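One structure is given here, and the rest of the page talks about it.
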Amino acid sequence: MKNLHVRRALAGLSLGALAAAGLATVPAPANATVDDAAVGTQYTIDGSLCVGEDKGAIDPDAVPWKDDGTPYSASTSDSSTFTGAEGDTVDAATSMSATVTSSPLGSGSATITGSASATASALASGTETACNVTAHAAASASGFFTLTQPTWVTVTANGQGQRQGRAYGTSVVGIGIADGFASNPLFFYFGADGLTVSTGDRGSATATTLLPPGEYGVGFSAFAIASTHQIFDEGEDALVQEGSATYTGAFKIEMKPAGSASPVTGKGASKVQFGARDCASGNVPVSLSKKTVKKAERVVVRVDGKKSSVLKGKKLMGKKPKARTIVVPTNPTAVSKVKVKITLKNGRRVQATRSYLPCR
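Listed below in structure tokens is the structure:
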């Protein structure tokens, strides 16, 4: 297999000898904010000591994808048979597929979701074989884009897998600075400021980090490898001379600008306007319309469960009802939940809540 150390490629992850070559560069579609975006597959079927056809391809069906909310998919399968003496045969096969969907990237909140599946098998006709056959399979999606502001990034992976005999696999998702986005058959590297999550059978994991503005590479993959001969030095049954593996991953990459706010919730949402958080001071403006002030008996503002402001009587109404804005202090380095509880003059109580991500 070829070693690829290229900036614009998503390549294989190898656990020891688990290897897969990278996605080739695909020109970005017109008007896309994601560059060199591709979803595709890679595989190799290699044999020695027996007669058969080696096979393999890097991105035989690579598909460029856009950050436009549309699903983009690719899939491939192949097989080969190797024959030795006295009916000694090995059937090798690979099957791979991947799908990616992304909302617009770079300037605000965005989400990338996807899935990938890889199957590899090398199955002997008998309990022993002289054929040395290995099948690698990988399905991946990758792309590059620019973050224009500090952004909280959360990557999540859920994996399913099964293997028998001499076989291995995993699934992985990550993001890292574009200049450090590289790989070879021994590792999957997202570079500095990177964030990577890997899962195996029935595994799940989530990780979050704050990324500064800059150009980043993002990608996910599922990998599988199977062989008739020993892959690793440990943990293998010397009497088993075949293998099969299937690994599937479901992935999500969520991006939210630092200090950004959640949707407003609660029955009082229509009566309160929450402003953007000031990342320098941490202050959040909370506005009440003249109509709300006129109908309100009491207004209580809480930050993370602690009382911040109480307005009632003249402090709320003033000389006559008018729109009011309350400046609510919060800690800009922490997640903050601002809750406004309004007691109306008719005795009814409503509340509205909004949460804010840390600014730094």
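According to mature numbering (1 follows the signal peptide of the UniProt record, and there is no 0), the stretch in the sequence shown is residues -32 to -1, 1 to 328, in order. Yeah, the Cβ is synthetic: ideal placement off N, Cα and C, and Gly gets one too. As the structure is a prediction and not an experimental result, all values here were calculated from the model.
Find the nearest neighbour of residue i within the set the options, judged by alpha-carbon distance.
| i | options | result |
| --- | --- | --- |
| Thr102 | Ala226, Met64, Gly211 and Phe188 | Gly211 |
| residue 336 | Ala78, Val278, Thr87 and Ser43 | With the chain represented from -32 up to 328, any question about residue 336 goes unanswered, as that position is not in the structure. |
| residue 416 | Arg266, Ser75, Ala190 and Gly52 | There is no way to answer for residue 416, as the model of the chain reaches only from -32 to 328. |
| Gly82 | Leu91, Ser89 and Val68 | Val68 |
| Glu222 | Ala78, Pro39, Thr9 and Val19 | Ala78 |
| Pro32 | Ser277, Ser41 and Gly227 | Ser41 |
| Leu179 | Ser70, Phe188, Ala146 and Thr44 | Ala146 |
| Asp29 | Thr9, Phe158 and Lys259 | Thr9 |
| Leu279 | Thr124, Gly94, Lys309 and Ala302 | Lys309 |
| Lys259 | Lys313, Pro300, Cys247 and Ser277 | Lys313 |
| Asn126 | Gly171, Gly24 and Pro300 | Gly171 |
| Pro225 | Cys18, Asp161, Phe50 and Gly74 | Gly74 |
| Thr321 | Lys262, Thr301, Ser238 and Ser257 | Ser238 |
| Asp4 | Ser110, Val306 and Ala135 | Ser110 |
| Lys305 | Ala248, Ser228 and Val261 | Ser228 |
| Cys247 | Leu284, Thr214, Lys220 and Thr298 | Thr298 |
| Arg245 | Ala213, Ile294 and Lys220 | Ile294 |
| Phe158 | Lys23, Phe112, Pro181 and Tyr136 | Phe112 |
How big is the Cα-Cα spacing for residue i and residue j?
| i | j | result |
| --- | --- | --- |
| Lys274 | Gln117 | 31 Å |
| Ala(-14) | Ala194 | Because Ala(-14) carries a pLDDT of 32, less than 50, the predicted location of this residue cannot be relied on, and the following value inherits that uncertainty. Roughly 11 Å between the two C-alpha positions. |
| Ala60 | Trp120 | 43 Å |
| Ile143 | Gly286 | 53 Å |
| Leu325 | Ala190 | 31 Å |
| Phe149 | Gly185 | 6 Å |
| Gly168 | Pro253 | 46 Å |
| Ala90 | Ala6 | 28 Å |
| Val268 | Arg292 | 14 Å |
| Gly37 | Pro72 | 8 Å |
| Ser108 | His197 | 26 Å |
| Gln130 | Thr62 | 15 Å |
| Lys288 | Lys282 | 9 Å |
| Thr174 | Val165 | 7 Å |
| Thr177 | Thr122 | 7 Å |
| Lys235 | Lys263 | 15 Å |
| Gly243 | Ser70 | 28 Å |
| Thr124 | Gly315 | 45 Å |
| Arg328 | Phe50 | 58 Å |
| residue 335 | Thr301 | No statement about residue 335 is possible, as the shown extent of the chain runs from -32 to 328 and does not include it. |
| Ala218 | Lys34 | 19 Å |
| Val261 | Gly76 | 33 Å |
| Gly187 | Ser257 | 46 Å |
| Thr1 | Cys18 | 49 Å |
| Ile26 | Lys220 | 25 Å |
| Gly162 | Pro181 | 13 Å |
| Ala135 | Ile80 | 30 Å |
| Ala(-12) | Gly24 | Any answer about Ala(-12) is weak, because its pLDDT of 34 lies below 50 and its placement is not dependable; what the coordinates show is given next. C-alpha separation (whole angstroms): 10 Å. |
| Lys307 | Ala213 | 51 Å |
| Asn251 | Leu284 | 20 Å |
| Asp56 | Ala192 | 24 Å |
Determine the contact status of residue i and residue j, defining contact as a CB-CB distance below 8 Å.
| i | j | result |
| --- | --- | --- |
| Thr114 | Glu183 | yes |
| Tyr11 | Ala105 | yes |
| Cys99 | Val58 | yes |
| Ser230 | Gln241 | no |
| Thr311 | Glu265 | yes |
| Ile13 | Ser45 | no |
| Gln132 | Thr216 | no |
| Val303 | Ser277 | no |
| Ser65 | Ser93 | no |
| Val318 | Val296 | no |
| Gln209 | Glu54 | no |
Give the DSSP bridge partners of residue i, in chain order.
| i | result |
| --- | --- |
| Ser16 | Asn100 |
| residue 342 | Any question about residue 342 goes unanswered here, given that the chain covers just -32 to 328. |
| Val123 | Ala175 and Ile221 |
| Ser77 | DSSP lists no partner for Ser77. |
| Gly182 | Leu115 |
| Val31 | Val7 |
| Ser323 | Lys305 |
| Phe158 | For Phe158, which the question treats as bridged, DSSP gives no partner whatsoever. |
| Asp169 | Answer by DSSP bridge pairing: none, since Asp169 is not bridged. |
| Val252 | Val296 |
When the cut-off is 8 Å and only beta carbons count, does residue i lie next to chain C?
| i | result |
| --- | --- |
| Asp46 | This model lacks chain C altogether; it includes just one protein chain. |
Problem - Length at least 3, wholly inside the stretch 127 to 152: the beta strand (DSSP E) runs in chain order - result: 135 to 145 and 150 to 152
Problem - beta strand (DSSP E) segments (min. 3 residues) lying fully within the stretch 188 to 247 - result: 211 to 225 and 240 to 242
Handout entry: Inside the stretch 263 to 308 only - alpha helix (DSSP H) runs reaching at least 4 residues
Key = 281 to 285
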